[in-house]
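Asks:
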Amino acid sequence: MESSLASESRAKTVYSRVIQRTLSHGTTTASYYATISVPSTNLLADLCLSFGQRAFIGRVCMDTMSPDYYRDESAASALADTKATISHISKIDPTNALITPIITPRFAPSCSSALMHSLGALHKETNLPVQTHISENKKEIELVKELFPQHESYTHVYDDHGLLGSKTILAHAIHLSEEEVNLIKKREGKISHCPASNSAITSGTAKVRMLLEKGIEIGLGTDMSGGYSPSILEAVRQALLVSRHVAMEGDDNAKLSIEEVLYLSTKGGAKVIGLDDKIGAFGLGMEWDAQLIGLDRVDEPFGRDSGMVDIFGWETWEEKIAKWVFNGDDRNTLAVWVKGRLVHDRKA
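Under my numbering, think of the first position of the sequence shown as 66, with each following residue one higher.
(1) According to DSSP, Y97 sits in a beta bridge with which residue or residues?
(2) Which whole-angstrom value is the C-beta distance of P166 and T150, which I expect to be below 8 Å?
(3) Count the other CB atoms within 10 Å of the CB of F377; is the residue buried (16 or more) or exposed (fewer)?
(4) So which of D133, E253, I266, L193 has the shortest CA-CA distance to K204?
(5) I believe V326 touches L305 by the beta-carbon criterion, under 8 Å. Please report the beta-carbon distance rounded to the nearest angstrom.
(6) Determine the DSSP secondary structure at E299, reduced to helix, strand or coil.
(7) If I'm right that I154 touches I206 with Cβ under 8 Å, what's the distance once you round it to whole angstroms?
(8) Which residue's Cα is closest to the Cα of A261: S290, V125, L187?
(9) Mapping the DSSP letters down to three states, classify M275 as helix, strand or coil.
(10) Between K250 and the rest of its own chain, which residues show a CB-CB distance below 7 Å, the 5 nearest in sequence each way excluded?
(11) For the beta strand (DSSP E) that K77 lies in, which residues bound it at each end?
(12) So for W353, helix, strand or coil by DSSP?
(13) Leaving out five residues before and five after G117 in sequence, what residues of the same chain have Cβ atoms less than 6 Å from its Cβ?
(14) Return the first residue and the last residue of the alpha helix (DSSP H) that R429 is part of.
(15) Rounded to a whole number of angstroms, what is the C-alpha to C-alpha distance between Y80 and L109?
(16) Does the contact criterion of 3 or more C-beta pairs under 8 Å hold for the stretch 126-133 versus the stretch 170-189?
(17) Roughly how many angstroms separate the alpha carbons of R369 and L399, rounded to a whole number?
(18) Three or more C-beta pairs under 8 Å: does that hold for the stretch 319-334 against the stretch 356-367?
(19) I344 and A335 - do their beta-carbons sit closer together than 8 Å?
(20) Identify, in the order they occur along the chain, each residue of the same chain with its Cβ nearer than 7 Å to the Cβ of E201, setting aside the five sequence neighbours on each side.
(21) Following the continuous alpha helix (DSSP H) through E282, name the residue where it begins and the one where it ends.
(22) Measure the C-alpha to C-alpha separation of S89 and E217 and round it to an integer number of angstroms.
(23) Which same chain residues, not among the five before or five after E380, have their C-beta less than 8 Å away from its C-beta?
(24) Determine the DSSP secondary structure at L235, reduced to helix, strand or coil.
(25) When DSSP labels each residue in this structure, what does M181 get in the three-state scheme?
(26) Does DSSP put S294 in a helix, in a strand, or in coil?
(27) Taking the Cβ atom as the reference point for each residue, do I234 and S330 lie within a distance shorter than 8 Å?
(28) Per DSSP, which one or two residues make a beta bridge with S257?
(29) Below 8 Å between beta carbons: does that hold for G286 and S257?
(30) Buried or exposed for E215, please, with buried defined as at least 16 other CB atoms from any protein chain shown within 10 angstroms of its CB.
(31) With a threshold of 7 Å on Cβ separation, who are the neighbours of S242 within its own chain once the five nearest residues in sequence on each side are excluded?
(32) Output the boundary residues of the beta strand (DSSP E) element that contains L399.
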């Protein structure tokens, strides 16, 4: 499927629906892994700009351990193609007001050391953000040890190649050692917790409470199509449940509250992408990224396509929020704004 998106007509169909669908779920800002194709990756950037979704666009780099028909020819070609997308985005959005390129080594096993060194140098040169995967499942970690025996750990692979820093987003981070956690903290790396994906493909349960207590910034991700839903609200629900599974292993303190997972989905995510001074909360001088949520009272006619949240009228504010968190969906998202622009209107 991914390789087929080299077709620009197919990519336009798929990407347009992805952007519209995520906006309808209230996702004002997304960080995308596109494909190795420069034209289709550039098209994704164009479409995000057109639809008004703030986006980090990553042209995926992978020059090894990938199918012959879907891999970069070399580390040099991967770097050149990445620079081509960076150049395109600089032309369509010179100030990165809405669209920002993000350096995207798919993950260590699919990247040669030469490629990661070149991307690390590019990160140092441009100060652009980096996104990749880390410690998603145990067999992956074993593979990294086999491929990079000279490095102390999976995290050290990225660090030793200049790819771990304050602008690095690490997806998953489930099976990190204490030494790795400390290194990520030292480098001020960020983590994207993807609970639906981690459960769906039985990767494991991320120890989010422990990571938060270590002072690491964490946001939520959907990780489509490892995850099954484009909704960050679904990721909120699953983060709650995953934290409870961690608690069942003997650490009751691991349980996250509704307030905490909502923070991870808003302010936490903004911190992960380095935009917490602009989005993720309502404050003087911040950009108007917002969604209007509608919750129907039970005295409204039953049968309207208004979702599964029933409000009886006696609920406290906290109870209304909890009902929305556990039973809400895109039917409750009536309108969405990005930088003050109306980008989704359910009634339209």
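Just so it is clear, CB atoms sit at the ideal spot from N, CA and C, and this is done for glycine as well. Computed from a prediction, not measured in an experiment: that's the story for all the values here.
Replies: If we stick to the structure as given:
(1) I122
(2) 6 Å
(3) exposed
(4) I266
(5) 5 Å
(6) helix
(7) That pair is no contact at about 33 Å.
(8) S290
(9) helix
(10) K279, G280, I281
(11) Careful: K77 lies outside any beta strand (DSSP E), inside the alpha helix (DSSP H) at 73-89.
(12) coil
(13) V403, R406, V408
(14) Residue coverage of the chain in this structure runs from 66 to 413, which leaves residue 429 outside it and unanswerable.
(15) 6 Å
(16) yes
(17) 14 Å
(18) no
(19) yes
(20) H237, I239, S268
(21) Premise fails: E282 lies in the beta strand (DSSP E), 282-285, not in any alpha helix (DSSP H).
(22) 43 Å
(23) K388
(24) strand
(25) helix
(26) coil
(27) no
(28) A236, G284
(29) yes
(30) Residue identity check: residue 215 is Gln in the sequence provided, not Glu. Label assigned to Q215: exposed.
(31) S218
(32) 398-403
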